[in-house]
Amino acid sequence: MSELLDQLVRDQKAGLSHGITSVCSAHPLVLEAAVLQARDEGRLLLVEATSNQVDQYGGYTGMRPSDFRDLVHRTADAHGLSRDRLILGGDHLGPNRWRALPAAEAMAEAEVLVRAYVEAGFTKIHLDCSFACAGESLPLTDDVVAERTSQLIRVAEDAAGPQADRLRYVIGTEVPVPGGADHVLHDAPPTSARAARETLRAHHEAFAAAGLSGMRGRVMALVVQPGVEFDHHGVVDYRDDRTAELRTVLDDEPGIVFEAHSTDYQLPGALAQLVRDHWAVLKVGPGLTFALREALFALAAIEREVVDSSRLSHLVEVVDRRMLEEPHWWQEYAAGDERSRRLNRLYGYSDRIRYYWTDPETAAAQRQLLDNLEAAPLPLALLSAHLPSQYARIRAGQLAPRPHDIVVDRVRDVLRDYDRACAPRSKEYA
Numbered sequence: 001m002s003e004l005l006d007q008l009v010r011d012q013k014a015g016l017s018h019g020i021t022s023v024c025s026a027h028p029l030v031l032e033a034a035v036l037q038a039r040d041e042g043r044l045l046l047v048e049a050t051s052n053q054v055d056q057y058g059g060y061t062g063m064r065p066s067d068f069r070d071l072v073h074r075t076a077d078a079h080g081l082s083r084d085r086l087i088l089g090g091d092h093l094g095p096n097r098w099r100a101l102p103a104a105e106a107m108a109e110a111e112v113l114v115r116a117y118v119e120a121g122f123t124k125i126h127l128d129c130s131f132a133c134a135g136e137s138l139p140l141t142d143d144v145v146a147e148r149t150s151q152l153i154r155v156a157e158d159a160a161g162p163q164a165d166r167l168r169y170v171i172g173t174e175v176p177v178p179g180g181a182d183h184v185l186h187d188a189p190p191t192s193a194r195a196a197r198e199t200l201r202a203h204h205e206a207f208a209a210a211g212l213s214g215m216r217g218r219v220m221a222l223v224v225q226p227g228v229e230f231d232h233h234g235v236v237d238y239r240d241d242r243t244a245e246l247r248t249v250l251d252d253e254p255g256i257v258f259e260a261h262s263t264d265y266q267l268p269g270a271l272a273q274l275v276r277d278h279w280a281v282l283k284v285g286p287g288l289t290f291a292l293r294e295a296l297f298a299l300a301a302i303e304r305e306v307v308d309s310s311r312l313s314h315l316v317e318v319v320d321r322r323m324l325e326e327p328h329w330w331q332e333y334a335a336g337d338e339r340s341r342r343l344n345r346l347y348g349y350s351d352r353i354r355y356y357w358t359d360p361e362t363a364a365a366q367r368q369l370l371d372n373l374e375a376a377p378l379p380l381a382l383l384s385a386h387l388p389s390q391y392a393r394i395r396a397g398q399l400a401p402r403p404h405d406i407v408v409d410r411v412r413d414v415l416r417d418y419d420r421a422c423a424p425r426s427k428e429y430a
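First residue of the sequence shown: 1, per our numbering; consecutive thereafter.
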């Protein structure tokens, strides 16, 4: 798989607008949508697990890296996507989950985390040591971040053993917070060219000091802020006029492209421009489960019209109740009066609902919703009202009128935009 990522980098350096979508989600229906999209388009599929989703203790999904790998493999096998079309990546691997601990203890946990990912077969490794630990203040210096990154690369190399040359690393110090901002944003200034050059300098020197000079050929991407972000009710859109100087930073780095985080909710034209401007890896996560939630809530509205009240799933009510009973995952993202908090909680771009789909009561309500609508006819007029794109595909014979398939197809709407931005009809590295 490393050679496919290497080809992507070479294409970018040759002036070709080629990119790849990084699917950052652990939801089974999102993974199914990603597999089907890659299969049908003849594309490579990059799926990444984020360190708070999947870790050595299970993360919020209850999955360890090997469990996530098995889930992705089962999904690919079930839907006819060859495993040699898959790349597994680890996102934000570092001390994030253990920031409350002193740095030495947090980094010890991060070492175990990285080892678990590499031993499970993950080959694209984003190392994020930009988080301050107990007693430290932000921002950490580039030198501290680079030194800790080198520490984790050493662990990854040891864990991979003779197969270490298959690993590809992503580094950076100006890394957007996973999952979107937890406060109202008015702007997201792009990384300065000077800061990006300083980041590269610090990492090259840290690699040399740690005896890892060969890493310069296996660091494939640098995370910088291109000026895109989202909060619970707004999106900062990409503007290429703000990144002209930043884009020159990699002119002297033949093996490195940019990786863009928080690209969720960017307009299709902005996604394509990002790829043209050398952000060859576009990460998307909450935007996918946001579309999933849209489809499920739309089907819940249809359910109220066609299913007897005694059998309703009450999906929206169940998930809202469970979020109120367990507010940890959303309360910092929803400010204002109760009406505003409810709107942000259930409908915000930050999509904090994604943390609750694995909750047993929420999962049971979702199953009941789909079962109810599988047994009842889906009136086309109601589909037109609530899910017009899926209605159109059903009318055209391109989509089965099954609730499960409709939900998956709504998620694929997002992936179609990314595919159009990332994938000109060349299959040189697909």
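Don't be surprised by glycine CBs; every beta carbon is placed ideally from N, CA and C.
Have a look at the DSSP bridge pairing and note the partners of residue i.
i, result
"Gly62", "Answer is none; Gly62 lacks a bridge partner."
"Lys119", "It should be pointed out that residue 119 corresponds to Glu in this sequence rather than to Lys. Paired residues: none, contrary to the question."
"Glu109", "DSSP lists no partner for Glu109."
"Ala421", "BP columns for Ala421 are empty, so no partner."
"Arg168", "Lys124"
"Val114", "DSSP, once it has assigned bridges, lists no residue as partnering Val114."
"Leu86", "Leu45"
"Val235", "Phe230"
Leaving out five residues before and five after residue i in sequence, what residues of the same chain have Cβ atoms less than 7 Å from its Cβ?
i, result
"Ala120", "Pro65, Ser66 and Arg69"
"Tyr391", "Leu380, Leu383 and Ser384"
"Ala34", "Val23, Leu45, Val47 and Leu415"
"Cys133", "Pro95, Arg99, Leu101, Pro102, Ala103 and Ala106"
"Leu29", "Leu292, Val407, Val408 and Val411"
"Asp405", "Leu399"
"Ala156", "Val114, Val118, Ile125 and Leu167"
"Glu305", "Leu382"
"Gly287", "Asp264, Tyr265 and Val414"
"Gln56", "Arg64, Val112, Leu113 and Ala116"
"Gly217", "Gly255"
"Tyr238", "Pro226, Gly227, Val228, Gln266, Ala270, Gln273 and Leu274"
Find out if the Cβ-Cβ distance for the pair residue i, residue j is shorter than 8 Å.
i, j, result
"Arg321", "Val249", "no"
"Glu48", "Gly89", "yes"
"Ala188", "Glu229", "yes"
"His27", "Trp357", "yes"
"Arg154", "Leu200", "no"
"Met323", "Arg345", "yes"
"Leu282", "Thr123", "no"
"Leu4", "Ala38", "no"
"Phe290", "Val316", "no"
"Ala365", "Val318", "yes"
"Met220", "Val170", "yes"
"Asp413", "Ser389", "yes"
"Gly234", "Asp264", "no"
"Thr301", "His386", "Thr is not the amino acid found at residue 301; the sequence shown has Ala there. Yes, the pair counts as a contact, with Cβ atoms nearer than the cut-off."
Output needed for residue i: all residues of its chain with C-beta closer than 8 Å, excluding positions within five of it in sequence on either side, in chain order.
i, result
"Tyr355", "Tyr60, Trp329 and Trp330"
"Asn372", "Glu303, Val307, Arg311, Leu312 and Ser313"
"Lys427", "Here the model assigns Lys427 a pLDDT of 44, short of 50, so the residue's position is not dependable and the matter cannot be decided."
"Leu93", "Ser51, Ala110, Leu113, Val114, Tyr117, Ile125, His126, Leu127, Asp128 and Leu152"
"Leu246", "Pro190, Thr191, Ser192, Ala193, Ala196, Val224 and Pro226"
"Arg341", "Ala334 and Ala335"
"Glu294", "Arg410"
"Val236", "Leu185, Asp187, Ala188, Gly227, Val228, Glu229 and Phe230"
Using DSSP with H/G/I as helix, E/B as strand and the rest coil, what is residue i?
i, result
"Ile256", "coil"
"Thr75", "helix"
"His92", "strand"
"Ala156", "helix"
"Val228", "coil"
"Glu294", "helix"
"Ala181", "With a pLDDT of 48 at Ala181, under the threshold of 50, the predicted position of this residue should be treated as unreliable, and no value is reported."
"Val219", "strand"
"Ser262", "coil"
"Glu48", "strand"
"Ser22", "strand"
"Leu101", "coil"
"Val175", "coil"
"Leu8", "helix"
"Ala280", "strand"
"Val307", "coil"
"Leu299", "helix"
I'd like to know whether the C-beta of residue i is nearer than 8 Å to at least one C-beta of chain D.
i, result
"Asp70", "Considering every chain present, this structure includes no chain D. It has just one protein chain."
For residue i, which residues in the same chain have their Cβ closer than 6 Å to its Cβ, ignoring the five residues on either side in sequence?
i, result
"Phe131", "Pro95, Asn96 and Arg99"
"Pro268", "Asp417"
"Tyr333", "Asp182, His232, Ser350 and Arg352"
"Thr173", "Ser130, Asp142, Val145 and Thr199"
"Ala159", "Arg115, Val118 and Glu119"
"Thr75", "Leu31, Glu32 and Val35"
For the region 203-212 and the region 135-148, state whether three or more C-beta atom pairs, one from each stretch, are separated by less than 8 Å.
-> yes
Cβ contact check for the region 68-88 and the region 35-50: 3 or more pairs under 8 Å | Contact between the region 68-88 and the region 35-50 is present, because at least three Cβ pairs lie under 8 Å.
Inter-stretch contact at 8 Å, needing at least 3 Cβ pairs: the region 259-266 / the region 220-231 = yes
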